[in-house]
Every structure is written in structure tokens, then in C-alpha cells.
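Everything below concerns the one structure shown next.
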Amino acid sequence: MKEEKPINIEFEIENFGPITNLQCNDKTSSLKMGIYANNGVGKTFFSRAFRLVSQNNHNTSNNLLTTDQSKGKFVFKITNEKDPEKSLRKVEIKLNKNSKPVIKNDTGYIFHVYNSDYVAENLEKENYNPNDNDIKGYILGKSNIDLTKDKSEKEKFIKNRDKIQYKIDATITKVKEGLVSLGVSQNTSNYKDINFDNLYNGIEKQEDKSFESLKEMYQKLESMPDGINDVQKPHYIVNSTVLNEIKTLLCTPFEKSNLNESFVKKLKSKQPFIEEGLNLYHSNNSKCPFCKQRLEKNALEIIDLYTRYIDGKEAKIINNIETAKQKLERLKTDIETQYKQFYEINTQYNDIKTYFPYLESELKRFPDNVNALKEINELIIMLNEKKEDITCTNFEFNCHIENIHSFLEKLKTDLQIQIDEINTLNETKNKIKGQKLLLRKRMCNAKLITLKKDQKDNIQKIKELNQKISEKEKYIEEKENEAKINKKKKVVETLKKLLEIFFGDKYTFDEDKFCIKFKDKNLYNNATNVLSDGEKGIVAFCYYLATVHSIIDKEEDYKKLFFIIDDPISSMDYGFVYAVAQSINTLNQHFDPELKRFRFIILTHNLDFMNILMNNRIIRQKYMFTNNKISKWKEQLMLPYENHLKDIMLVSEERNPSHTTPNSIRHVLETICKFENREKNLDKYIAETPELRKNAHIPKLIQDLSHGKPRSEGLNEEVLINACTTVIGFISVKYPGHLQGLN
């Protein structure tokens, strides 16, 4: 039956080190891949790309780009329609000269890379004594209790919460749209404050007016025409100095004229006319200033009497009284004019104020002026009486004057209040942009206050659900994290086991000093000198495997591991090479025995190592990496183990054995022996293996016939066929994949 290969892998590499243009697309059943590479084709840069993804801290692309190139890329895709989590996983690195690499990794895998860079950074510079400061933190484990019900309840709470929040969000969106339609900018902080978080957290906003009233005020402002003039400020125009003059006139007893009283009385009735005539007469003494007739003697005598009166004190007092009366009339007029001015200004003030209804003050009104005008009229009456008898002083004028003064002082005070109110209105009008902005902010605040009130019950429900969700999450987390593993302790534990597997008790690890021990001595500074090159490679590879724990945060993360291993067997003897292969084959034993599948790409230029990986079915997909090309492994490149095993299998199927058959048996069993335990010799391995021990001829075959030693008595074909059948039976039980690969 043909093997199903649901996984498609694809590489696309351009100008990445020596790799200038590589395209590879292939189907596979497993992400356990081996790539045999010739020297100089870019194997190290291939692993370096994945190390770049795992670290994501490379400063420049320049030392990764192909020489004289300014752009490059490395793309690795995995497509698997049967993958329950992701059908497409992709790593992409873009290189631009003089810039940092741009790295995108959406595979969900944790890449752990072993190559020469890893060894140099983690061990060589530390003289093969790793730095324990690099290993910190804990791995969160999982408990074995069934949390399905709790997780289901948590999801139910989340669903109910999200449903309520969706309704709140829809309401918020509608409110915001309404504000935007009124001209509110979406960039203002008050607009941005209208969000779910602020409702949830109960943010406080101050606004004593409703949104509707603020909206009405805003629309009033919007309707105000441009270029409206300021409200005119009133000026105090009342002149009250006459009041002091009146006091003097009314309280002083003036002396009357000594002319005939009846004559004087007539003069008083016509005094203005007579004064005007006398002024004209002085300029022309021969004629009447009015009729132009020549004046007779009796007329001149009367004029002389007129002159004597007018030049006398009584006439002047009479004139002063008339002047005072005129000033009082002007005072009345000034007061009435002041009031008329107020009515005009008040009309203009109220017209503009309609656009600013939030300005509650009105223009200060003047007190009623009726009484003040009456008081002035009373003074005029007193002056008329004084005019009739200038000697009279019996006048009660003080209360009238005081009342008028009080009235005028109140008028001045009210006028200043008017000016202040007008200034406020004018300033507000002239700052209409700021007023609009302020109202828009206030509308936002009012809406948030309304939302907070309307959504109070829903917010409370969400808080209660969040509390339940939090309690469930805490419970689940506590149960899942009951096993909390110290990363450093786990690294040391694994490293000790691996060193024991490879070195027995020759090299161990001191957990307290965090250094390698050679027998009983800690190798602080001289590990580099004590370890051979091959041993350094083994220590580095052991440390690489152990530090897997340092990049894991949760136990389930072990499932996400993807190993990239670049030539871990440099300078190693054959036994160590087998041990490295075996450690790769049993990765799950070091990390999570329950895991059945691990992902890895192993790169090597060692043909023997590649042979071991293939023969022991450690890798499932085999490739050749040549210049700018990754191609499938060709069967004609089958290595010695496979050839020998195929020979044995054919003989077991009753093909005639040949003189090389004993050698094939020896090679196959020796390869398996060294793979399982490099310290054990072949004779002991056969003796301890029941399936092999039952055939007594096998030791003789591998010792004598495989080495070409002479014997007095030969072995017949049946013995060889039985030996081959025994070996194939043993392999079919213990390593069935070896035979499947040949088929």
C-alpha cells in the first residue's frame, strides 16, 4: 500500500549566503527530515536562517546576504489540510542591505537550532562551562483533573458577557454618530471618552444641563449670523452740578431793587425782552433797536430806568434763577435720554443674547425715574417762588436734593453693572468658536452621563459575569499549574542524564557550581583543555538538548518544538555517532514520553551519519542538498548497511547465498549493536539476545567466514540460509522499519 503523504513542504531561498536561487517543493508523511549536503552549498546558512527566527535579534542583513546583493529572502512553508490547528504554516525572512532582517513566523512552532553558531555563543566563549544566568523561570505544568465542565461554564459566561457588551457598544456607536452629525470632532478627548471602558470603570463627568438643552444652545450658536456688531456700551451723560447752585439760591435772602415795585414787577415779566433790547441799544444810542424810530426824551428816561434795574443785583439774581431752572430742565432731559439709551441698548443686548441662552443674567434695569423727575419739578417750583420774592428763604429743599442725589448714584451703579454685563456678552460673542467647542465638549459629557445612567444595569451584569469568569479562570489556572517546574533544575536534570548516556561516569555535571566535572574535579576554566574535540561536540549537543527546557513556558509547548540540527557529529568516533543518532530517535524520553511525534530537520555532510539516520528509520524523508538545489534522495545512493541487509533478506527468501553473506550478517549485527550500545561488543550482544543466541552458527559465521579464515570443514548453504532467516526475524520484530524501507 502506498504511503500517504498529506504534508507539503516548500523552500524558497534567494541571495541567502551562498544560496542564490533555490526552489524546493515536496510531499512527505512526516516532518522528520534529513538533508545530506555537500560542502560549501549553504548548509550552515540554512540552519542560520532558523536560528534567526528563534532569536529574532539580528542587527543587520549584511552578513547574511549573498555577496554584492542588496535583497534576499528565506521562505519555509508547511501545508497540511489534515492539520487540525493550522493548514498553512509559514516562516518568512526578508533581507535588505543595511537594515535589520524582517522576520515573520506564523507556524506556531518553537524552533530550537543546533549549529556552529549555537556552540560558539553558548559554550566556546564560556570555555564549555555554560552560563546559568541565561536559564530563568518556570515551566507551567498541567494537572490531570477534568476541567471540561469548568471551561464550558467559563465560555458560557464569556458568551453572555459579550452579548451584553455588543448591545452597549452598538448604543455607544449610535450616540457617537449623533454627536458627529452635530459637528463634534472624533479627535477630541471628550468624544473619545465615550467608550465601554469608561462606562465600565464609572468615570465621573460634571455637567448640570441635559444633552437636549445643550444641543438647543449649540444650535442657537450655529444659527447666529456672522459679523454681528458688539452691543454698544452706555455712557453716563447726566450733569447734576446745578443742585449745589440751587442750595445757594434758595437759602440766601437777596436784596430787592429800590425802583418802584410795580415798575419792577412789569420788568420781571418782560426781563428777557428788555435785556435783549438793551444789548442792541448800546450799539446804536439814537434809535430803537426794534422799530428803528428815533428815541424821544421820555423814552430815553425809561431806558435809563431799565438799565439801572438790569445792572442791579435783583436782575442778576433773577437771571441766575432762570439759569438754574434751565439746568434743572436739562437734568430732566439728561435722565430721560439716559433711559432712552438704555432701552435701545437693552433691545440690542437681548437680540444677541438669544444666541446664548445659557447666559442667565439680564441687563440691569434702571430704577423708576418718576419720583426723581417730581423732585426736580418741586425744585423748579421753589425757584419760581424765589424769583417772585428773592428775599424769601422759607424753602424745604434739602430732602428733594438728597433724593435726587441718591437716585443719580443708583443710576451710576446700575450703569456700571450694565457695562460689565455687556462686556461679558460681547466677549462671549467674539469667542463664539470657543463657545461652540465648549458646548460640543459639554454635549459629549452629557451623553456619557446619560449612557452611564441608562446602561447601569447592563454594566453591573457584565461586572458580575467578569467576576465569575475571573473566578473560573483562577480555578482552572490553579489546577492546570499545580505542577510548576523550575527550568534550570530541569535543564540540569536532563543534562546529567545525557552526559551519563554518552560518557558513563567519566564526565558529570555539578549542579551547584554549574560546571562540568571530570571524575571528582570541577572543570572551571580548563574544560576546553581537558575535553577532546569529539567530547566537546558531545557536551555541546547534550547541552543543546537539555536547554530545550529553557525555551518552554508551558508543558504543552513541548508539542510545538521543531528541532534544526546541523552536523552534531563533527570529530566524533563511530560509537558517539551512533549515540547521537539514538538520542535524536528518543527525543521524547528527554522531554515528554507521551509525545509520539517530534519535528526536526537534520543537516549533515557525513555519509555514515546519514546512513545511520536512514537505516534506523530516524528520518522519514531524505534529501540531497547541492548547489541551489534540494532534491529527493536517490536509491542508488543506498549505503553499505542497506546493501548488506538487502543481501541477507534475499538469502532468507531462499536466494542462493554467496561468499559475502557472512560478512553481510556481521556488518548488519555490528551496526545494530553499536546503535543500541556503543560500549558493548558484538559477541556479548549476540549472547544476550535470545533471538540470535538460538542460532549457534551465527558467532562462527561472523568470526570466521566474514574474515576469510581457513577452516577444515565448510558450512553448507542451509546453515547460511537459516542464519539469514534468524537475523531477518530478529530485525522484523525489533526494527521492522528497516525492512519496510527496503521494500
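First residue of the sequence shown: 1, per the UniProt record's numbering; consecutive thereafter.
Every residue, glycine too, gets a C-beta built ideally from N, C-alpha and C.
What residue range is occupied by the uninterrupted beta strand (DSSP E) comprising residue i?
| i | result |
| --- | --- |
| residue 562 | 561-566 |
| residue 33 | 32-37 |
| residue 485 | 484-486 |
| residue 22 | 19-28 |
| residue 515 | 515-518 |
| residue 623 | 621-626 |
| residue 208 | Run containing residue 208: none; DSSP gives neither H nor E here. |
| residue 8 | 7-16 |
| residue 570 | Element bounds for residue 570: n/a, residue is neither H nor E. |
| residue 631 | 629-632 |
| residue 507 | 507-510 |
| residue 599 | 599-604 |
Between the alpha carbons of residue i and residue j, how many angstroms are there, rounded?
| i | j | result |
| --- | --- | --- |
| residue 707 | residue 666 | At residue 707 the pLDDT is 44, less than 50, meaning the model places this residue with poor confidence; the figure from the coordinates comes in the next sentence. Their backbone Cα atoms lie some 10 angstroms apart in a straight line. |
| residue 505 | residue 118 | 26 angstroms |
| residue 526 | residue 534 | 16 angstroms |
| residue 554 | residue 183 | 52 angstroms |
| residue 485 | residue 140 | 6 angstroms |
| residue 584 | residue 202 | 58 angstroms |
| residue 107 | residue 90 | 5 angstroms |
| residue 698 | residue 687 | 10 angstroms |
| residue 18 | residue 37 | 13 angstroms |
| residue 128 | residue 643 | 40 angstroms |
| residue 349 | residue 450 | 34 angstroms |
| residue 154 | residue 463 | 14 angstroms |
| residue 311 | residue 400 | At residue 311, the pLDDT of 48 sits below 50, so the modelled position is not reliable and the matter cannot be decided from this model. |
| residue 433 | residue 457 | 38 angstroms |
| residue 675 | residue 578 | 5 angstroms |
| residue 417 | residue 423 | 10 angstroms |
| residue 740 | residue 680 | 27 angstroms |
| residue 161 | residue 206 | 29 angstroms |
| residue 710 | residue 657 | At residue 710, the pLDDT of 44 sits below 50, so the modelled position is not reliable and the matter cannot be decided from this model. |
| residue 228 | residue 362 | 19 angstroms |
| residue 732 | residue 725 | 10 angstroms |
| residue 13 | residue 633 | 20 angstroms |
| residue 175 | residue 447 | 7 angstroms |
| residue 737 | residue 581 | 16 angstroms |
Measure how close the beta-carbons of residue i and residue j come, nearest whole angstrom, since I'm counting them as under 8 angstroms.
| i | j | result |
| --- | --- | --- |
| residue 65 | residue 97 | 6 angstroms |
| residue 241 | residue 393 | Rounded, the Cβ-Cβ distance is 22 angstroms, inconsistent with contact. |
| residue 157 | residue 469 | 5 angstroms |
| residue 650 | residue 669 | Not confirmed; about 17 angstroms, so no contact. |
| residue 407 | residue 372 | 4 angstroms |
I'd like to know whether the C-beta atoms of residue i and residue j end up nearer to each other than 8 angstroms.
| i | j | result |
| --- | --- | --- |
| residue 218 | residue 439 | yes |
| residue 164 | residue 196 | no |
| residue 566 | residue 115 | yes |
| residue 366 | residue 420 | no |
| residue 100 | residue 59 | yes |
| residue 55 | residue 15 | no |
| residue 111 | residue 562 | yes |
| residue 569 | residue 652 | no |
| residue 398 | residue 334 | no |
| residue 757 | residue 52 | With the chain covering 1 to 743 only, the question about residue 757 has no answer from this structure. |
| residue 476 | residue 151 | yes |
| residue 552 | residue 576 | no |
| residue 345 | residue 180 | no |
| residue 33 | residue 544 | no |
| residue 778 | residue 95 | What is shown of the chain runs 1 to 743, which leaves residue 778 out entirely. |
| residue 376 | residue 256 | no |
| residue 383 | residue 249 | yes |
| residue 441 | residue 198 | no |
| residue 516 | residue 509 | yes |
| residue 453 | residue 236 | no |
So the alpha helix (DSSP H) residue i belongs to, where does it begin and stop?
| i | result |
| --- | --- |
| residue 730 | 717-734 |
| residue 642 | 640-652 |
| residue 355 | From DSSP, residue 355 is part of no alpha helix (DSSP H); its letter is neither H nor E. |
| residue 43 | 43-55 |
| residue 196 | 196-201 |
| residue 678 | Run containing residue 678: none; DSSP gives neither H nor E here. |
| residue 538 | 533-546 |
Is residue i a contact residue of the ligand ZN, with contact defined as CB to any heavy atom under 7 angstroms?
| i | result |
| --- | --- |
| residue 411 | What this structure holds is no ligand at all, so the ligand ZN is not there to describe. |
Answer with yes or no whether the minimum CB distance from residue i to chain B is below 8 angstroms.
| i | result |
| --- | --- |
| residue 158 | The displayed structure is made up of one protein chain only, and chain B is not part of it. |
Could you name each continuous alpha helix (DSSP H) segment of 4 residues or more that falls completely within the stretch 66-148, going from the start of the chain to the end? 116-122
Just to confirm the assignment: which complete alpha helix (DSSP H) runs, minimum length 4, are found wholly within the stretch 370-433? 370-388 and 398-430
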